[in-house]
Structures are given as C-alpha cells and as structure tokens.
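Have a look at the structure below before the remarks.
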Amino acid sequence: KIHNWSVCDCFCAGLKSLAGDKESLKEFLLPFVCSEREFDVRFGSVMVMNYFLDSEHLTWAIEYFDAARHPGYYARMGVAWALSSCYVSFPVETMNYLKSGSMERKTLDMTIRKILESRRVTGEEREQIRAFRSFLHGEAGSAV
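Read in order, the letters of the sequence shown are residues 1 to 144 in the working numbering.
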C-alpha cells in the first residue's frame, strides 16, 4: 500500500511499539529486502535503520542492507540513507563494508553522497569519504 517515500518513512517512524520484540521484527522484515516491489525494499531498510542500528544488531543490519538489490531509486536511496546513518554511529565498521566491494555501484555512490550531506560527519571524516569517492572514480592522486 506504500507508494511514496514520505508515507514509507513516516509510517516506519510510527512503529516504535514493534521495536520491543526485535527477534520477531527481524523475522518479519526479512522478506522485504528481496521483494520485487520498490517500496517494500525501502520499508525494510528504513525499519532496520530506525530500530537496529546498535552494536548488538550491527552485523545483521549491514548484511540486510547488503542483500537489498532492487534497482529502483527509492529502494536504493533507502539503503543509502540507512548506511549513512550507520556510518555516523559506526564509521569504521561501515567504511569496512563500503570498501568491501560487495555493494552495487549506484547504491554505493548514493551512500557516499548521503554521508557527505550529513551534518553529523566531521570534517576529517568528510575528507576520508571524498578520498574514497575519488579512488572509486579513478581520479588521480587519490588513495584509500
């Protein structure tokens, strides 16, 4: 029933009561990551971002985002937004994932853009992200 990003994101934010039983919520969200419907994938990614970006669930969350392969813009942007939020709390772990080469290039580029747009990223972190972006794009003088 969700057909736009605004409804998706607001709906997800309002489901705080589901966060109490994380194991059941994880099971519920699994089918959404591989759905053929763009906003199903976005829904799953935004839910994981809202309720699972903590040290206990970090590995699972990154694996969830990695499994999202829908080609739609809003699905990819949901993953990118979630990973940029992940970066704020867990920069080392998130960068290790971004550098792993597992992520699709378009989604990786969106993620880098979202990280650079974040007001919660330091100047030094921005420089590291820019250097990584330059390296990905084969620009001269870049090293990661």
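Just so you know, even glycine gets a beta-carbon here, dropped at the ideal spot from N, CA and C.
Quiz item: What is the DSSP secondary structure of Arg69, reduced to helix, strand or coil?
Solution: coil
Self-check item: Helix, strand or coil at Cys8 according to DSSP, with G and I counted as helix
Solution: helix
Practice problem: Given a cut-off of 8 Å, decide if Ala82 and Val33 are closer than it, judged by their beta-carbon atoms. | Solution: For Val33 and Ala82, no; Cβs fall outside 8 Å.
Quiz item: Would a C-beta distance cut-off of 8 Å place Val46 and Asp9 closer than the cut-off?
Solution: yes
Quiz item: When the Cα of Ala13 is compared with those of Arg133, Arg76, Gly44 and Ser118, which residue comes out closest?
Solution: Gly44
Quiz prompt | Residue burial classification, Leu53 (beta-carbon count within 10 angstroms, cutoff 16) | solution = So Leu53 counts as buried.
Practice problem: Take Arg113 and list the residues in its own chain whose beta-carbon comes closer than 8 Å to its own, dropping the five residues that flank it on each side. | Solution: Ala80
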